[in-house]
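Engineer: My questions all concern the structure below.
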Amino acid sequence: MIPSYYEFLNSVKILSGKLALDNIPHELSSLGAKRPIILTNDILVEIGLVKTAVDALKGSDIVIGAVYGSIPIDSSVKVVNEAAGVYRDKNCDSIIAIGGGSVIDTAKGVSVVITENDDNLMKYAGAEILKKRRAMPFIVIPTTAGTGSEVTMVAVIADPDRNVKMEFLSYNLLPDVAVLDPRMTRSLPARASASTGMDALSHAVEAYTGIQKNPLSDAYAFAAIKLTREYLLRVVENGNDEEARLAMANASLMAGAAFSNSMVGIVHAIGHACGGVAHVAHGDAMTILLPHGMEYNLDAVPGYYSDLLLPLAGPEVYAATPSGERAARSVSAVRELITLLNSRCGLPTRLRDVGVQEKDFERIAKTAINDGAVVMNPRAIALEDVLTVLRKAY
Ligand SMILES: [Fe+2]
1147 MIPSYYEFLN SVKILSGKLA LDNIPHELSS LGAKRPIILT NDILVEIGLV
1197 KTAVDALKGS DIVIGAVYGS IPIDSSVKVV NEAAGVYRDK NCDSIIAIGG
1247 GSVIDTAKGV SVVITENDDN LMKYAGAEIL KKRRAMPFIV IPTTAGTGSE
1297 VTMVAVIADP DRNVKMEFLS YNLLPDVAVL DPRMTRSLPA RASASTGMDA
1347 LSHAVEAYTG IQKNPLSDAY AFAAIKLTRE YLLRVVENGN DEEARLAMAN
1397 ASLMAGAAFS NSMVGIVHAI GHACGGVAHV AHGDAMTILL PHGMEYNLDA
1447 VPGYYSDLLL PLAGPEVYAA TPSGERAARS VSAVRELITL LNSRCGLPTR
1497 LRDVGVQEKD FERIAKTAIN DGAVVMNPRA IALEDVLTVL RKAY
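Laid out in C-alpha cells, this is it:
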C-alpha cells in the first residue's frame, strides 16, 4: 500500500568496493577541499586502520590537517567542542570520520559547531533546528557494519552535565560521501561483527514494520535483510571474507537509509533505555529485544511480518510456509539466527546476561515510553507492555 503522503531522502554518494578508499582524493577535490581533519578513536589508529585510509590519500594533493583520535565509545558535547577546536586551530576545510556510530555522530556534532560558529551544541538538539547548510565537505568511512550512521540524518550525543543523550535530526547532518571498503571492517572481532550486524537487522525490520514506512524505505529494508541473512554468519566465521564484509557494509548502509526515513520502533525504544539505564551495548540490546519486539507487534501488522519471511528465511522456507503462519515464522527465523550467532561467538540472548537486573525494569520502562521511537511503533505501547517485554527478554 502506498501511503497518501511520504518523504524520502538519501543524498549521500556511496563508494563501495575493495579499493573504494582510493577514490577519496577525487571526492574531496570535487567538493573543493584539500585539508581534511580525520576524526577517529585511538584503537583504530593503533590497529592501523587510520593508516590504511591515510595511505589511500598519498600521491594526491590532499594534506591531512589534523588527526583527532580521542573520541570515546560514549562521546559527548565536550569531545565535540575539543575536536572543533582542533579543526579551527589547524585550518582544516573538511571532515573525514573513520569509525563506528560514536565517531560518526561526533563528527556530525563537529560539523554543526563549526557551521553555526557556536560552541553550545545542545542548543541545536531536536528535529530540524539546524537551518544552515553544512559549511564543509564531510566524508564518512564506517569501521563497523551496523549503525548506518553514514547515511542517516540523526546524531546522538551525550550532555554529561545533565546526564542525558540528546538527539539531533536534520537533513543537514547527512554526509556528502560514504566509503564502504572491506579493508576497514576486516579487523572487527566476530562478537562485535555479530552484535553490530543485529543492529542493522533491527533497523531494517523496524523500518519495514513502522507507521512511517514507504515504498522506498521498504526496498532498502528488504534488501538489507536479505544481505544480512546471506552474509552475517560468514563475517562472523571468517573476518577476512572481503565479499561478506562488503555485503554487510551494504546491508548496514541500506538499513540506515531505510530507518533514517521511516524511523524505528519498540525494539529501539527499549534498547535505548537499556543502554541509558543499565549500559547495555546497543547491538546486544537489539539482539536480545528484536524477537520480543516483533512478537509484540505481530498481531498489529501481520502482513508486514509475513512479507519479511522471504528475506529473513529465503524462498524455499517462504514457499513451504502456509500464508497464515508466515508472520510467526519470521520471528522464529530471527530466533534461529540469534541461536546460531550465540553458538558461534557468544552473542547474548537474555537481558540477565548483559547486566540488567529486575530492579532496573521500572526505570527502563519509564525511560522507554518517553523515547521518540515509541510513537513510530505500529502498536501503541504502555508502561505495562514494556515491563512484559522486559520480563520475557530477561
Ligand atoms: Fe540501532
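According to the numbering used here, the sequence shown holds residues 1147 to 1540 in order.
Note that beta-carbon positions come from the ideal geometry of N, C-alpha and C, so glycine has one too.
Computed from a prediction, not measured in an experiment: that's the story for all the values here.
Nearest to K1277 by alpha carbon, out of G1421, E1153, L1347, S1316?
Structural biologist: Answer by Cα proximity: S1316.
Engineer: Which ranges does the alpha helix (DSSP H) cover as unbroken runs of at least 4 residues, wholly within the stretch 1422-1471, from first to last along the chain?
Structural biologist: Runs of the alpha helix (DSSP H) inside the stretch 1422-1471: 1428-1443, 1448-1459, 1461-1466.
Engineer: The alpha helix (DSSP H) with M1394 in it runs from where to where?
Structural biologist: Note, M1394: alpha helix (DSSP H), 1388-1408.
Engineer: Going by DSSP, what residues sit across from G1272 in a beta bridge?
Structural biologist: Its beta-bridge partners are F1314.
Engineer: Given 8 Å as the limit, is there contact between the stretch 1403-1422 and the stretch 1510-1524, that is, 3 or more CB pairs closer than that?
Structural biologist: Counting Cβ pairs under 8 Å, three or more are found: they touch.
Engineer: For a test of the three-state rule: what should DSSP assign to S1473, helix, strand or coil?
Structural biologist: First, the residue type needs correcting, since residue 1473 is Ala and not Ser in the sequence shown. DSSP places A1473 in helix when its eight states are reduced to three.
Engineer: Mind reading off the beta-carbon distance from V1213 to T1186? Whole number of angstroms is fine, and I expect it under 8 Å.
Structural biologist: Yes, V1213 and T1186 are in contact; Cβ-Cβ is about 7 Å, under 8 Å.
Engineer: How far does the alpha helix (DSSP H) with A1511 in it reach, from first residue to last?
Structural biologist: 1507-1514 is the extent of the alpha helix (DSSP H) around A1511.
Engineer: Determine the extent of the beta strand (DSSP E) in which G1245 is found, giving its start and end residues.
Structural biologist: Looking at the DSSP string, the run of the beta strand (DSSP E) that includes G1245 is 1240-1245.
Engineer: Going along the chain, which residues of its own chain have a beta-carbon closer than 8 Å to the beta-carbon of R1537, five neighbours each way excluded?
Structural biologist: Within the same chain, R1537 has close Cβ partners F1507.
Engineer: Please classify A1415 as buried or exposed, where buried requires at least 16 other C-beta atoms within 10 Å of its C-beta.
Structural biologist: Counting Cβ neighbours within 10 Å, A1415 comes out buried, since at least 16 surround it.
Engineer: Evaluate L1165 with the Cβ neighbour count: other Cβ atoms within 10 Å of its Cβ, from every protein chain shown; 16 or more gives buried, anything less gives exposed.
Structural biologist: With fewer than 16 Cβ atoms within 10 Å of its Cβ, L1165 is classed as exposed.
Engineer: Could you check where the beta strand (DSSP E) with P1149 kicks off and where it finishes?
Structural biologist: That residue, P1149, is in no beta strand (DSSP E); it is neither H nor E in DSSP.
Engineer: Determine the closest residue to H1349 out of F1405, R1279, S1150, with distance taken between C-alpha atoms.
Structural biologist: H1349 has its Cα closest to that of F1405, out of F1405, R1279, S1150.
Engineer: Just list the alpha helix (DSSP H) runs in the stretch 1352-1390, keeping only unbroken ones of 4 residues or longer that don't cross its boundaries, in chain order.
Structural biologist: Counting whole runs of 4 or more residues, the stretch 1352-1390 contains the alpha helix (DSSP H) stretches 1361-1383.
Engineer: Let me check understanding here. Comparing Cα to Cα, which of M1400, P1283, C1238, R1391 lies closest to P1321?
Structural biologist: If we check each option's Cα against that of P1321, P1283 comes out closest.
Engineer: May I ask you to report which of helix, strand or coil DSSP gives S1206?
Structural biologist: Here S1206 sits in coil by DSSP.
Engineer: Kindly indicate the opening and closing residues of the beta strand (DSSP E) around I1287.
Structural biologist: Element bounds for I1287: 1284-1288.
Engineer: Is D1364 close to ligand 1? I mean its beta-carbon at under 8 Å from any heavy atom of the ligand.
Structural biologist: No, since every heavy atom of ligand 1 falls outside the 8 Å radius drawn around the Cβ of D1364.
Engineer: Can you tell me which residues form a DSSP beta bridge with Y1214?
Structural biologist: DSSP output for Y1214 lists L1185 as bridge partner(s).
Engineer: Got a sec, what are the start and stop residues for the alpha helix (DSSP H) L1174 sits in?
Structural biologist: Looking at the DSSP string, the run of the alpha helix (DSSP H) that includes L1174 is 1170-1176.
Engineer: Report the option in N1237, V1520, A1427, I1515 whose CA atom is closest to the CA atom of V1500.
Structural biologist: Nearest option by C-alpha distance: A1427.
Engineer: Are the CB atoms of V1196 and I1184 within a distance shorter than 9 Å?
Structural biologist: Yes, Cβ-Cβ distance for I1184 and V1196 is below 9 Å.
Engineer: Say yes only if the C-beta of G1246 is nearer than 8 Å to one or more non-hydrogen atoms of ligand 1, and no if none qualify.
Structural biologist: Result no, Cβ not under 8 Å from ligand 1.
Engineer: Is there contact between the stretch 1437-1445 and the stretch 1464-1482, where contact requires at least three CB pairs shorter than 8 Å?
Structural biologist: Yes: the two stretches touch, three or more of their Cβ pairs being nearer than 8 Å.
Engineer: May I ask whether a heavy atom of ligand 1 can be found less than 8 Å away from the beta carbon of M1299?
Structural biologist: No, the Cβ of M1299 stays beyond 8 Å of every heavy atom of ligand 1.
Engineer: Tell me where the beta strand (DSSP E) around K1278 begins and ends.
Structural biologist: No beta strand (DSSP E) contains K1278, which DSSP labels as neither H nor E.
Engineer: Among A1465, S1469, G1449, whose alpha-carbon lies nearest the alpha-carbon of M1147?
Structural biologist: Taking only the C-alpha atoms, the option nearest M1147 is G1449.
Engineer: Would you say S1348 touches ligand 1, meaning its beta carbon is less than 8 Å from a heavy atom?
Structural biologist: Answer for S1348: yes, Cβ within range of ligand 1.
Engineer: Give the DSSP-derived three-state secondary structure of D1235 in the structure shown.
Structural biologist: In this structure, D1235 counts as helix in the three-state DSSP scheme.
Engineer: Any idea if Y1151 is buried or exposed, counting beta-carbon neighbours within 10 angstroms, 16 or more meaning buried?
Structural biologist: So Y1151 counts as exposed.
Engineer: Let me check one thing: in DSSP terms, what residues is L1195 bridge-paired to?
Structural biologist: The partner list for L1195 (beta bridge, DSSP) is empty, contrary to what the question assumes.
Engineer: Measuring from the CB of M1440, is there a heavy atom of ligand 1 at a distance below 8 Å?
Structural biologist: Not under cutoff, so the answer is no.
Engineer: By the 10 Å Cβ neighbour count, where 16 or more other Cβ atoms means buried, how is D1345 classified, buried or exposed?
Structural biologist: Buried, since its Cβ has 16 or more Cβ neighbours within 10 Å.
Engineer: Leaving aside the five residues before and after L1161 along the sequence, list all residues of the same chain whose C-beta is less than 6 Å from its C-beta, in chain order.
Structural biologist: Closer than 6 Å at the Cβ level, and outside the excluded window around L1161, lie N1169, V1325.
Engineer: For K1372, I'd like the list of residues in its chain whose CB is within less than 7 Å of its CB, leaving aside the five on either flank, ordered along the chain.
Structural biologist: Correct list, in chain order: P1457.
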